[in-house]
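Residue numbers (the working numbering): -7 to 222.
Heads up, the beta-carbon is just placed ideally off N, CA and C, and yes, glycines get one too.
Note that the structure is a prediction, hence the values are computed from the model and not measured.
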Ligand code: DX5
Ligand code: ZN
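Printed below as a string of structure tokens:
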């Protein structure tokens, strides 16, 4: 028997991966003023993914400029070494890939011990079964709807199937877990991701592409997601 689903808050989490880094601080402030719920930091090690981005010092330098929470998406092999620095930099949610952690259970437990919300991430090719045994440890699951490494890629709608199954498991087990989706989220894709069960949305290039600015993009995306998940 399943319990009725409690609607979860719709949240828009802009990724600054494709921002102009010369203006990174100002852009983060503008995103907050535009109504963003969080800032999503894509941390890449050039090993787990074929790209490098920024580390904890960059995130820490921007933390005092904003009040909204920061989440760090660690595209880093065996990320244990970087957890303390990410949490010290002000990330209240830390996301690690199931594919990147040999001892995933331990790594998630360590994030909790350090005082942040642990989150687990799975790539498009990774089955849900890779994380079902750690759901009790996390506050959020991030479903990748692109292969990680770059912004501006096309949304992979095939991940909606496992998003739906994940939502059903969460409801069945009565767990308090947000489902976030990352990659290719735009006005043309957010409704289907929301109807599959996601309630938090990473938005990278679509946020920067909107000619009417961040506030317009944020409001439009939030409205489309809310309507689709109602
Ligand atoms: C991909 C990153 C995403 C990405 C989102 O490796 O995890 O957060 O930058 O960008 P868009 O929305 O452009 O796909
Ligand atoms: Zn990301």
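Contacts around residue i, its chain only, beta-carbon distance under 6 Å, and the 5 residues preceding and following it disregarded
{"i": "residue 196", "result": "7, 9, 10 and 143"}
{"i": "residue 93", "result": "99"}
{"i": "residue 117", "result": "none"}
{"i": "residue 54", "result": "17 and 20"}
{"i": "residue 44", "result": "36 and 38"}
{"i": "residue 113", "result": "87, 89 and 134"}
{"i": "residue 64", "result": "33, 35, 78, 83 and 86"}
{"i": "residue 40", "result": "67, 68, 69 and 92"}
{"i": "residue 26", "result": "206, 207 and 210"}
Boundaries (first-last residue) of the beta strand (DSSP E) holding residue i
{"i": "residue 62", "result": "62 to 67"}
{"i": "residue 155", "result": "First-last for residue 155: 152 to 165, but that is the alpha helix (DSSP H), not the beta strand (DSSP E)."}
{"i": "residue 99", "result": "Looking at the DSSP string, residue 99 is not in any beta strand (DSSP E); the run it does join, the alpha helix (DSSP H), is 96 to 105."}
{"i": "residue 134", "result": "132 to 136"}
{"i": "residue 111", "result": "109 to 114"}
{"i": "residue 123", "result": "No beta strand (DSSP E) holds residue 123; DSSP gives it neither H nor E."}
{"i": "residue 41", "result": "Looking at the DSSP string, residue 41 is not in any beta strand (DSSP E), and its letter there is neither H nor E."}
Same chain only: Cβ atoms within 7 Å of residue i, ignoring 5 sequence neighbours per side
{"i": "residue 216", "result": "179, 182 and 183"}
{"i": "residue 91", "result": "115 and 118"}
{"i": "residue -6", "result": "Low per-residue confidence applies at residue -6: pLDDT is 49, beneath 50, and the placement is therefore not dependable enough to give any value."}
{"i": "residue 106", "result": "75, 76 and 79"}
Residue i, buried or exposed, once every other Cβ within 10 Å from all chains shown has been counted against 16
{"i": "residue 81", "result": "buried"}
{"i": "residue 59", "result": "exposed"}
{"i": "residue 71", "result": "buried"}
{"i": "residue 190", "result": "buried"}
{"i": "residue 124", "result": "exposed"}
{"i": "residue 219", "result": "exposed"}
{"i": "residue 33", "result": "buried"}
{"i": "residue 14", "result": "exposed"}
{"i": "residue 57", "result": "exposed"}
{"i": "residue 1", "result": "exposed"}
Cα-Cα separation, residue i to residue j
{"i": "residue 128", "j": "residue 166", "result": "10 Å"}
{"i": "residue 187", "j": "residue 79", "result": "32 Å"}
{"i": "residue 210", "j": "residue 171", "result": "18 Å"}
{"i": "residue 164", "j": "residue 38", "result": "38 Å"}
{"i": "residue 96", "j": "residue 51", "result": "24 Å"}
{"i": "residue 28", "j": "residue 193", "result": "11 Å"}
{"i": "residue 31", "j": "residue 85", "result": "11 Å"}
{"i": "residue 66", "j": "residue 42", "result": "13 Å"}
{"i": "residue 158", "j": "residue 200", "result": "30 Å"}
{"i": "residue 212", "j": "residue 136", "result": "22 Å"}
{"i": "residue 132", "j": "residue 109", "result": "8 Å"}
{"i": "residue 160", "j": "residue 121", "result": "14 Å"}
Where the alpha helix (DSSP H) through residue i begins and ends
{"i": "residue 201", "result": "197 to 201"}
{"i": "residue 25", "result": "16 to 25"}
{"i": "residue 34", "result": "No alpha helix (DSSP H) contains residue 34, which is instead part of the beta strand (DSSP E) from 31 to 36."}
{"i": "residue 182", "result": "182 to 188"}
Contact set for residue i: own chain, Cβ-Cβ below 8 Å, skip 5 residues either direction
{"i": "residue 138", "result": "116, 145, 146, 147, 148, 174, 175 and 176"}
Can you pull every residue whose C-beta falls closer than 6 Å to some heavy atom of the ligand PLP, listed in chain order?
The ligand content of the structure shown is limited to the ligand DX5 and the ligand ZN, which means the ligand PLP is not among them.
Segment contact, 8 Å Cβ cut-off, at least three pairs: the region 201 to 213 with the region 8 to 27
yes
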